[in-house]
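Protein chains: 2
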Amino acid sequence: MVTIRMIAKHCNCSTATVSKALNGAPDISAETAERIRKAAEEMGYMPNSAARALKTSRSHSFGVLFEDATNSGLTHEFFSRILNSFKRRSEELGYDICFISDRLGGRDISYTEHTRYRRCDGVLIVSGEFADPGIHELMGSGIPTVTVDYIFDNCGSVQSDNLLGMKDLVTYIYNMGHRKIAFIHGEETAVSKIRIAGFYRTCRELGLNIPEEYVVSGFYHDPTTSGLLTKQLLELKDPPTCILYPDDISYIGGMNQIEKMGLSIPEDISTAGYDGLNISRILRPKLTTLHQDADLMGIRAAEELARAVEEGKFYIPDRIVVPGELLPGDTVKDLR
Amino acid sequence: MVTIRMIAKHCNCSTATVSKALNGAPDISAETAERIRKAAEEMGYMPNSAARALKTSRSHSFGVLFEDATNSGLTHEFFSRILNSFKRRSEELGYDICFISDRLGGRDISYTEHTRYRRCDGVLIVSGEFADPGIHELMGSGIPTVTVDYIFDNCGSVQSDNLLGMKDLVTYIYNMGHRKIAFIHGEETAVSKIRIAGFYRTCRELGLNIPEEYVVSGFYHDPTTSGLLTKQLLELKDPPTCILYPDDISYIGGMNQIEKMGLSIPEDISTAGYDGLNISRILRPKLTTLHQDADLMGIRAAEELARAVEEGKFYIPDRIVVPGELLPGDTVKDLR
DNA sequence: TTGTATGCGTTATCAT
DNA sequence: ATGATAACGCATACAA
């Protein structure tokens, strides 16, 4: 491994000069800087991030806290898209990604300890488990953090615009002539609350009176439950003409149930999903859904976290809201 | 931040003693060790990984090289499952995960440089682009590497048992009475070659003579192409009774095409996928597919990489082959 | 503009 | 069994 000392020897100068030249310090002559840079290049120099981190207490790395109850967070397309774009943008900004967990080497370790151990400059928190006290400890630790789809006192956040999303979705369905709209929502999370509120608000604005039994509680990514609830909704005395699902995966459970009952989409019953996963574009009939812009969310999260790190004491957390996009498919019948 | 120096002060001993006690060195008395460990615990001591890495040139971290042409590797369920289980197992073994890319801070950087910069102890290589010279440079750099679904000279590998997978799948279909089996395979990769060979071999063993036009070339995760090829296969003079798809996602394109042609699965045409993604269990009819054990692959990869790192010069690469599991669904008609 | 010297926190060598 | 000390590679305050 070539070090600045070797470059210094090669260039007949001191390590200080090399360090400064390589870091673009202003007090080095242009020629010297150029000469050193060229030598470094030729010798295949790579700084040692550990030494640099030790010296500066900045690691140029972001931690990513990506846990959920089922330990499958990474395999949900919505989250993996966020991670993917967060990673890319972070790397552009000069930060590497390191996962933060609460186990390491067979030992329990708090998220905060893990982060300090690796000297991560900041942490992105994506989790279904914001109730976890370990997460709150981290958010209150002074380490810069940015959360996704959750708002905490003093840290930045990137949210999908669930309010607008529900509004767009419900309005579209209304405009297609539907008045009896049911909503199967996910388990009680911050996101669910916003979506439910968005649903009710939009309905009120549109002058729609939604009977209580039209809004039922299911789970995210659980086709079985949504299938059962679909059955329940369709067997009501006065069934809805359109059912909203918590997400595109849950929709599939509903879809199967509908077919099983000998009904067809959208002739007999209209449907809409949420997320805009790849699968929604592939299925036939093409699913009407609200695409969440996970890619942009990851990008904005990286930028916000970089800002939090770089502005330090001067940082004022921003709450970034990323709008989604309605993807009209063929699952909502035109009743007009 | 509490350092060993502070612990030393607290315990009236030297930093050397603290370091040894914490690392379980044999030349420290049991009482002293215990006293120091307790103090460290109480004071909330966390070692500084940067200092440790600088001193020992071991970072206790694994790099993960996870790139593909479309930059969406992470969003493929198969790969994200591998990553997920690799991460968990690595953390159990005491290694953190750091992504390795070929861009950092707006600069081009080779994978090898990136790995050295972060002092990763080893790198897991998961990629559709094994032709990339940067990857070959890394594999030849002396840094311990383990590849997934690809074999390179001197590094460990974890593969899905594609040969056995195809055998199980084709044999199952044969046993259901099918003799005219078509195979839409993915683009030419190492994996595709094995699957194609497995397909032909199994057919030969079963005494099946597959006409040339039954084996056609599509792409992985491309429902559009597989839809077109499905049409082509079904319009043959002597169409197959069963079509194998490159993967579960591609199958959906075929499924749509089949329905579009007014045919139904499995009454008119039987089908099978590959991968065993969640979606395959959700779709109706339930897809017959070969589940690749991505979770186990990630676990074995972590263990192999840890072994490569820890055995150093004594390491002899292992080629680990992970069997999959046939998931019989309802898409293959019983012709017996 | 350049160089000297110091220390970041840890481990390891060699005395004691 | 314990401690003093050097060194890992780098950045920086300060001297020249």
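In the order they appear, the protein sequences are chains A and B.
For what it's worth, our numbering labels the leading residue of the first sequence as 63, then goes sequentially.
For what it's worth, our numbering labels the leading residue of the second sequence as 63, then goes sequentially.
All C-beta atoms in this analysis are idealised placements derived from N, C-alpha and C, irrespective of residue type, glycine included.
Listed by position along chain A, the residues whose Cβ is nearer than 8 Å to that of LEU127 of chain B form an empty set, because the closest Cβ is around 12 Å away. If you compare the alpha carbons of A:ILE69, A:THR79 and A:ILE90 with that of GLU103 of chain A, the shortest gap goes to A:ILE69. The beta carbon of THR209 of chain A is closer than 7 Å to those of ILE187, CYS217 and SER219 in its chain, skipping five residues each way along the sequence. Within chain B, MET108, PRO109, ASN110, SER111 and ASP158 have C-beta atoms less than 9 Å from the C-beta of TYR179 of chain A, given in sequence order. Residues of the region 333-367 of chain B whose Cβ lies closer than 8 Å to any Cβ of chain A, in chain order: ASN340, ILE341, ILE344, LEU345 and ARG346. In this model, ALA244 of chain B and GLU297 of chain B are separated by some 13 Å (Cα to Cα). In this structure, THR333 of chain B places its C-beta atom within 8 Å of the C-beta atom of ILE305 of chain B.
VAL232 of chain B and GLY239 of chain B have their C-alpha atoms roughly 11 Å apart. The alpha carbon of ARG114 of chain B has as its nearest neighbour, out of B:ARG151, B:PHE141, B:ASP170 and B:ARG181, the alpha carbon of B:ARG181. Its Cα nearest to that of PHE128 of chain B, the residue B:ASP211 stands out among B:ILE378, B:LYS299, B:ASP211 and B:ALA87. Residue burial is scored here from C-beta neighbours: GLU93 of chain B has fewer than 16 other C-beta atoms within 10 angstroms and is therefore classed as exposed. A contact is defined here as three or more CB-CB pairs under 8 Å, and the region 372-379 of chain B fails this definition with respect to the region 345-356 of chain A. Straight across, the Cα-Cα distance linking LEU397 of chain A with ARG346 of chain A is about 20 Å.
With a contact defined as Cβ atoms closer than 8 Å, GLY315 of chain B and ILE344 of chain A qualify at about 7 Å.
The criterion of a C-beta distance shorter than 8 Å is not satisfied by ILE256 of chain B and LEU295 of chain B. Judged by their CB atoms, ARG362 of chain A and VAL384 of chain A are nearer to each other than the 8 Å cut-off.
Beta-carbon to beta-carbon, LEU145 of chain A and GLY360 of chain A are separated by about 7 Å, close enough to satisfy the 8 Å threshold. Of the candidates A:ALA95, A:SER121 and A:GLU249, A:GLU249 places its Cα closest to the Cα of SER312 of chain A. Restricting attention to B:ASP130, B:ARG143, B:MET228 and B:TYR262, the CA atom closest to the CA of ASP164 of chain B is found in B:ASP130. Closest option to TYR236 of chain B, judged by alpha-carbon separation, among B:PHE261, B:SER254 and B:GLN221: B:PHE261. Within the same chain, and ignoring the five residues on either side of ALA95 of chain B in sequence, the residues whose Cβ sits closer than 7 Å to its Cβ are ALA83. Bridge partners of CYS160 of chain B according to DSSP: A:CYS160 and B:GLY125. Taken in chain order, the unbroken stretches of beta strand (DSSP E) that lie wholly in the region 214-274 of chain A and span 3 residues or more are 218-222 and 243-247.
In this chain, GLU191 of chain B is not harboured by any beta strand (DSSP E), its DSSP state being neither H nor E. Taking 8 Å as the threshold, the shortest C-beta distance from ARG99 of chain B to chain A does not fall below it. HIS72 of chain A is not bridged by DSSP to any residue.
Contact of PRO285 of chain A with chain B is assigned, a C-beta pair being separated by under 8 Å.
CA-CA distance, SER91 of chain A to LEU339 of chain A, rounds to 54 Å. In the DSSP secondary-structure assignment, LEU306 of chain B is bridged to B:PHE245 and B:ALA334. Between GLY196 of chain B and TYR173 of chain B, the CB-CB gap stays under 8 Å.
For GLY289 of chain A, the three-state secondary structure derived from DSSP is helix.
Taking a Cβ-Cβ threshold of 7 Å, the residues of chain B close to SER163 of chain A are GLU153, in chain order. Between ASP337 of chain B and ASP310 of chain B, the beta carbon gap of about 5 Å places them in contact (Cβ cut-off 8 Å). For SER279 of chain A, the enclosing beta strand (DSSP E) stretches over residues 277-279.
If you draw a 10 Å sphere on the C-beta of ASN110 of chain B, you find 16 or more other C-beta atoms in it, and that means buried.
Using a Cβ distance threshold of 8 Å, GLY168 of chain B and PHE124 of chain B do not count as a contacting pair.
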